[in-house]
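**Student:**
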Amino acid sequence: MKLSEADTVVIDHITPQLEGGRYAVKRISGQDLVVEADILKEGHDLVTAVLKWRPKGDAAWRETPMTLGQNDRWTGTLSVGQIGAWEYTVEAWGDTFRSWQDEVRKKFNGGLRDLKSEALEGASLVSKAAARAGKSPDAKRLKAFASQLQQADAEALSTISASLELTALMIAWTDRSLSTTHAPLPLWVDRERAAYAAWYEFFPRSAEGKADSGSTFRDCLPRIDDAKAMGFDVIYFPPIHPIGETNRKGRNNSLHAEPGEPGVPYAIGNHRHGVNGGGHKDVAPELGTLEDLSWLIGEVKKRGMEIAIDFAINCSPDHPYVESHPEWFFKRPDGTIKYAENPPKKYEDVYPLNFHNDNWQALWQEMRDVIAFWCEIGIRTFRVDNPHTKPVSFWEYLIGDIHETYPDAIFLSEAFTRPKMMQVLAKVGFTQSYTYFTWRNTKWELTEYLTELTQTEMKDYFRGNFFTNTPDILPEYLQRSGRPGFLIRAFLAATLSPVYGIYSGFELCENAPIPGKEEYIDSEKYQFKGRDWNAPGNIKDYVTRLNAIRRDNRALQEYANLRFHPADNDNILFYSKKTVAGDNALLFIVTVDPYNPQTAFVHVPLEELGIGDRETYQVEDLLTGERFTWTGSRNFVSLNPHTRPAHIFRVRRWAGREGGRDVYL
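In the UniProt record's numbering, the protein residues as written are 1 to 665.
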């Protein structure tokens, strides 16, 4: 081992970080990042540490002091502003001045009075700081302190060494010549809607709810206004591109479409009927034109909302790529192009792309250009279809490249696949992810899964978007539970995660399946869908109330503040969310049984809420406006899935009496 100048301080176990800085930790603009690190040094010298951060590429660091906790564990907090790529690190050094102050204090308090050597040592430290101050006005004050120390007796030394002014000056001009700085770690900062949003998905061609004909982009505003009235802020469209004619599927996935049947939007591309090439950079002419879409984007933005579109890397046999780049597709032994399969399912109307073909660089660049095309038009949110069937390195390239120009772009991963693949897709850049929430129904399943998402390392990079249903998935729970099941799942999705979504028809409690499958019969993937958007039995008012509560309570706009608490009934789930300051504290109690009334004693986390064991407090049900006075931790609740499936209680502390009445805040 060769001799070299070693680090003077050990900086280890920095959290959060992902795989030694291989991937970026995620936050949103204005959010705090709490950083911890083990920092230690040999001997008895005191250590000073700072947390440093900057936009990636900047020369200057911002910094804030870190504080020492127990067992050499230090903590610092930074708050980021602009969206985009940042980096952070920890710098630490043996602080000779603070160590000298500590030595003087201990010796003087211990009765020692022969401290001339210590005074001269301090004078030397302060003189060096004055030299570092250069021509700054601080240099004059530091020189004055150094002169005083050279002449100081023990009493004067004790007073001067404890001077707040001197301490501040020495902090400003501290000696970092022997400091240690950890390698920078990456941080990605998103805009707020990446972490707090309510998505509403509908097919533009079914916007008017007509069973025998389609709607256009310009017909979509009433459906969008209805979604806005319910409190949704992201409108998500499945693919809006030209649809192929070759092997076009008909109603209920039949192999042959009847005349007038619209085809599957995921069979993308029709060079015969496109006006802008007929591929992924074009819109289906039956929906309108790019100008019509731009108009709609503008109208949606006026409403404080935005449109998300589907990025599905599928090509129909009529896609222009088939002629211009046949090498991009999988070939059979006879040289023909192979259509998509997911045994036992077959997709005869779709050709998948081969991301490892001999001309893969051109394919990857083209896919990147597709996203850039829609970003330039005004789309900034993309739901990505089946990303787990494409190379992870491709997504790292595409998302990273797009973010250099469009850092506000949001990517939702529709990867219903193995957990580790879902996680690595989030690490390489996907902003949000579909989750297993769709199939987590019992108290135990929800508690275990949500604890993993929000209380482990996953909270720093994996944002779950809790969709209740999709055009492809009608969960068994919704098939058999009726309207109460829809109320329960809406409640869970809206309160467990700050980002959630529903696919249209959920608010109407649509639950007719293909027998034996988790799929809708008469799915609008294959046909126009007739609907009465205000059909009796709908839950639109309930969804509207949930979204209003989310908007008015900051605790519901955070992800990692979820905590589960005891309820002595396996059918009742009890959890809480509160802001760091504690000024917004909410308790959630919901039955997971859609059939029977349930009761339980719940155990309120009084200590976490800052409430005494015998203190009286009030809980206000934000769903109904009712208020209940509780004392102590153990309290009784009764839920009925048909009439009252859940409570959202805002905790109100007792503030005294006014006019002979108790007042709660």
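Quick reminder that beta carbons are idealized off the backbone N, C-alpha and C, glycines included. None of these values were measured; they are calculated from a predicted model.
Are there three or more Cβ pairs, one per stretch, closer than 8 Å when the region 369–376 is compared with the region 328–343?
**Tutor:** No contact exists between the region 369–376 and the region 328–343.
**Student:** What whole-angstrom Cβ distance do residue 269 and residue 278 have, given they're in contact under 8 Å?
**Tutor:** 6 Å
**Student:** For residue 670, does the three-state DSSP call read helix, strand or coil?
**Tutor:** Beyond the ends of the chain as shown, which are 1 and 665, falls residue 670; an answer cannot be given.
**Student:** Using DSSP bridges, identify the partner residues of residue 513.
**Tutor:** 520
**Student:** Under the three-state reduction of DSSP, which class applies to residue 345: helix, strand or coil?
**Tutor:** strand
**Student:** Is the beta carbon of residue 544 sitting closer than 8 Å to the one on residue 229?
**Tutor:** yes
**Student:** For residue 653, which option in 457, 145, 662, 646 has the closest C-alpha, if you only look at C-alpha atoms?
**Tutor:** 662
**Student:** Taking the alpha carbon of residue 536 as the point to measure from, which residue in 560, 509, 428 has its own alpha carbon closest?
**Tutor:** 509
**Student:** For residue 14, does the count of other Cβ atoms within 10 angstroms reach 16, so buried, or fall short, so exposed?
**Tutor:** buried
**Student:** For the region 480–498 against the region 585–603, do three or more pairs of beta-carbon atoms, one drawn from each stretch, fall closer than 8 Å, so that the two count as touching?
**Tutor:** Three or more pairs of CB atoms, one per stretch, sit closer than 8 Å, so the region 480–498 contacts the region 585–603.
**Student:** Could you compute how far the alpha carbon of residue 530 sits from the alpha carbon of residue 378?
**Tutor:** 30 Å
**Student:** Find the nearest neighbour of residue 62 within the set 79, 315, 286, judged by alpha-carbon distance.
**Tutor:** 79
**Student:** From the DSSP output, read off the bridge partner residues of residue 75.
**Tutor:** 36, 67
**Student:** Rounded to a whole number of angstroms, what is the C-alpha to C-alpha distance between residue 82 and residue 609?
**Tutor:** 33 Å
**Student:** Among 29, 319, 300, which has the Cα closest to the Cα of residue 55?
**Tutor:** 29
**Student:** Would you kindly check if the distance between the Cβ of residue 93 and the Cβ of residue 9 is under 8 Å?
**Tutor:** yes
**Student:** On the three-state DSSP scale, how would you describe residue 704?
**Tutor:** For residue 704 there is no data in the structure shown, the boundaries of the chain being 1 and 665.
**Student:** Starting from residue 99, follow its DSSP beta bridges and name the residues at the other end.
**Tutor:** According to DSSP, which records beta bridges pairwise, residue 99 is partnered with nothing at all.
**Student:** Are the CB atoms of residue 520 and residue 250 nearer to each other than 8 Å?
**Tutor:** no
**Student:** Could you give the residue range of the alpha helix (DSSP H) that holds residue 296?
**Tutor:** 290–302
**Student:** What do you reckon, are the CB atoms on residue 312 and residue 347 nearer than 8 Å?
**Tutor:** no
**Student:** I'd like to know whether the C-beta atoms of residue 556 and residue 515 end up nearer to each other than 8 Å.
**Tutor:** no
**Student:** How far does the alpha helix (DSSP H) with residue 484 in it extend, from its first residue to its last?
**Tutor:** Element bounds for residue 484: 476–496.
**Student:** Might you give, ordered along the chain, the residues of its own chain that have their beta carbon closer than 6 Å to the beta carbon of residue 185, omitting 5 neighbours on each side?
**Tutor:** Cβ neighbours of residue 185 beyond the five flanking positions: 17, 21, 88.
**Student:** Who are residue 254's beta bridge partners in DSSP?
**Tutor:** 250
**Student:** In this structure, how does DSSP classify residue 397 when only helix, strand and coil are distinguished?
**Tutor:** helix
**Student:** Taking contact to mean at least 3 C-beta pairs separated by less than 8 Å, is the region 499–506 in contact with the region 465–474?
**Tutor:** yes
**Student:** Return the chain-ordered ranges of every beta strand (DSSP E) run that is complete within the region 559–629 and spans a minimum of 3 residues.
**Tutor:** Complete beta strand (DSSP E) runs here, min 3: 572–578, 585–591, 598–603, 616–621.
**Student:** Taking the beta strand (DSSP E) that residue 703 belongs to, which residues open and close that run?
**Tutor:** Within the shown structure, residues of the chain are numbered from 1 to 665, placing residue 703 beyond reach of any answer.
**Student:** Just checking my contact of residue 506 with residue 210 at CB under 8 Å: how many whole Å lie between their CB atoms?
**Tutor:** Between residue 210 and residue 506 the Cβ distance is about 20 Å, and since that is not below 8 Å, they are no contact.
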